[in-house]
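**Student:**
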Amino acid sequence: MDEIIAQFIAVTSSDAESAKQYLEATDFQLEQAVELFYAAGGGGSASAGGTDAFDIPPEDSVRDRIEGFEDQMVDETAMYYNELARDTRRAEVRARKPRGVFNQNRDGDLSDLSRHEKRLANLFRPPFDIITEAGLEEAKEEAQETGKMLMVNVQDLGEFVCQQLNRDLFRNTDIKKVIEKNFIFVQYDVEEPDGEDYRVLYPFTSFPHISIIDPWTGEQQKVWSKVPLQQEFISDIQDYLASKPKDTDHIPPTPKVIDEHDIHEVYDNVLDSNAPPAESGDNDESRGSLGKFTYESMETATSQEPEAESNSVNSTEVSDAHDFFNTLPEIGEEPAGAETTRIQFKYGDGTRSIRRFNLQDSVIMLYAYVKTKLNAEFTLTNGREDLKSEITKSISEAKLQNSTILVELV
């Protein structure tokens, strides 16, 4: 009992008699007695017959309101020492793991390795040419600034499947191009501070581990937990990019100013060469007064033109959708060889089909192929725009190599 009284006095700086009263009132529960003491204003009697313990403290004992103020929670000095500690921790982890085939420097120094080890090191070399050296938060900021998504690969040097990613996936030139164009790519060792930070925020239990992070929301949007085939990986990325809303949808496009010659060229492509002249008097004289137009004003002008009586599939606009589908060419046998590309089609019911096309095939051949699958009118998009405006281009010119096309019924 004396010990509890002494503790109460040490906490509250009260006298022994008050301490005993408060402790007796709470059946010698120290925490409750201390709370009761301060609830009574830090003094008064806790005797059963008194009410001082529950008296409201006088008005003049209430402290003044603390005025609001602005300050930096972590100053630059603290941030500097925090980064210094992280660098030290990173250096310690790397020092424990001697450089070798599966633990290489960006500088590519392989002087300490044997000839056989050098061959293996080249085979399993990390993709330093596309790796961004940055912590997780820095990588997110860079992704935001560049309008890209963030791709993270966390590796454990003791897991061979992680090395398989470097050998079988990230060595592929096409994969590198896709990643470099659309992502900020970082690769972390799970035992280094960056890898530890990532694993705290996005826990996972098995390797390999690749994920796509939205740099604006921090949401983990896609994960690979096995070594995918090269083409499968590219297809997965294309599916993801096709389904992802454009980050700049909220930003109105900047109208591109085109001159009079460009307008005439668009008119010549849109209107049939044998179509009669428009009643509005679209002659050389009226064209000469067109001056400078934006794409928006040009589209308004063309939408007001009388429909051209043409069934030509070479036109970038077809007046009658039904005629367009009736004039599609026949699709031949599936080609093979180096000058071909694989294109995947995703249908509204969730099914898919894949076919190879020659790179020089016109985009209209994609419509011809889908027509053999569907007995209905449809639209083709690459996830961002309708492909009907690209039908006169080759698949290579339209940059549809290895792409995923969305098919929607009209």
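Once you know that position 175 of the sequence shown is 175 in UniProt numbering, the rest is easy, because the numbers rise by one and skip nothing.
In this text, a Cβ means the ideal position worked out from N, Cα and C, and glycines have one as well.
Given the structure is predicted, the values throughout are model-derived calculations rather than measurements.
Give every residue of the same chain whose Cβ lies closer than 7 angstroms to the Cβ of asparagine 311, excluding the five residues on either side of it in the sequence, and list them in chain order.
**Tutor:** Confidence at asparagine 311 is low in this model, with a pLDDT of 37, below 50, so the placement of that residue should be treated as unreliable; the coordinate-derived value is given next. Here the set comprises Asp323 and Thr327.
**Student:** Beta-carbon within less than 7 angstroms of alanine 139's beta-carbon, same chain only, minus the 5 sequence neighbours each way: which residues are those?
**Tutor:** So the qualifying residues of the chain are Thr132, Leu150, Ile184 and Val186.
**Student:** Between which residues of its own chain and glutamine 32 is the CB-CB distance below 8 angstroms, once the five residues before and five after are set aside?
**Tutor:** Thr26
**Student:** Who are the Cβ neighbours of glutamate 159 in its own chain at under 6 angstroms, not counting the five residues just before and after it?
**Tutor:** Phe207
**Student:** Out of curiosity, what's the CA-to-CA distance linking proline 335 and tyrosine 367?
**Tutor:** 17 angstroms
**Student:** According to DSSP, simplified to helix, strand and coil, what is phenylalanine 160?
**Tutor:** helix
**Student:** What residue range is occupied by the uninterrupted beta strand (DSSP E) comprising lysine 346?
**Tutor:** 340-346
**Student:** At 3 residues or longer, what runs of the beta strand (DSSP E) sit wholly inside the UniProt domain "UBX" (336-408)?
**Tutor:** 340-346, 352-358 and 378-381
**Student:** Have a look at leucine 406 and asparagine 82 and give me their C-alpha separation to the nearest angstrom.
**Tutor:** 48 angstroms
**Student:** Start and end of the alpha helix (DSSP H) containing isoleucine 175?
**Tutor:** 173-182
**Student:** Label glutamine 360 either buried or exposed according to how many other C-beta atoms from any shown protein chain fall within 10 Å of its C-beta, with 16 as the threshold for buried.
**Tutor:** Around the C-beta of glutamine 360, fewer than 16 other C-beta atoms lie within 10 Å, and the residue is accordingly described as exposed.
**Student:** What does a CB cutoff of less than 7 angstroms around phenylalanine 345 pick up in its chain, not counting 5 residues either side in sequence?
**Tutor:** Arg352, Ser353, Val370, Ile405 and Val407
**Student:** Output needed for histidine 261: all residues of its chain with C-beta closer than 6 angstroms, excluding positions within five of it in sequence on either side, in chain order.
**Tutor:** For histidine 261, the pLDDT reaches just 49, beneath the cut-off of 50, and the residue's location in the model is therefore unreliable, although a value from the coordinates is still provided. Closer than 6 angstroms at Cβ, skipping near neighbours: no residue.
**Student:** Helix, strand or coil: how does DSSP classify lysine 118 here?
**Tutor:** helix
**Student:** Closer than 6 angstroms by C-beta to valine 93: which residues in its own chain qualify, once you throw out the five before and the five after it? Chain order, please.
**Tutor:** Glu191 and Glu192
**Student:** With 16 as the cutoff for other CB atoms within 10 Å, does lysine 20 come out buried or exposed?
**Tutor:** Buried is the call here.
**Student:** How many Å lie between histidine 116 and arginine 171 at the Cα?
**Tutor:** 19 angstroms
**Student:** Quick check: the Cα distance between glutamine 104 and proline 126, rounded to an integer number of angstroms?
**Tutor:** 8 angstroms
**Student:** Expressed to the nearest angstrom, what Euclidean distance is found between the alpha-carbon atoms of arginine 356 and glycine 332?
**Tutor:** Straight through space, the alpha carbons of glycine 332 and arginine 356 are spaced by roughly 11 angstroms.
**Student:** Taking only three categories from DSSP, how would you classify isoleucine 212?
**Tutor:** strand
**Student:** Tell me whether the beta-carbon of leucine 169 lies closer than 9 angstroms to the beta-carbon of valine 223.
**Tutor:** no
**Student:** Pick from Lys177, Phe233 and Glu137: whose alpha carbon is nearest that of leucine 201?
**Tutor:** Glu137
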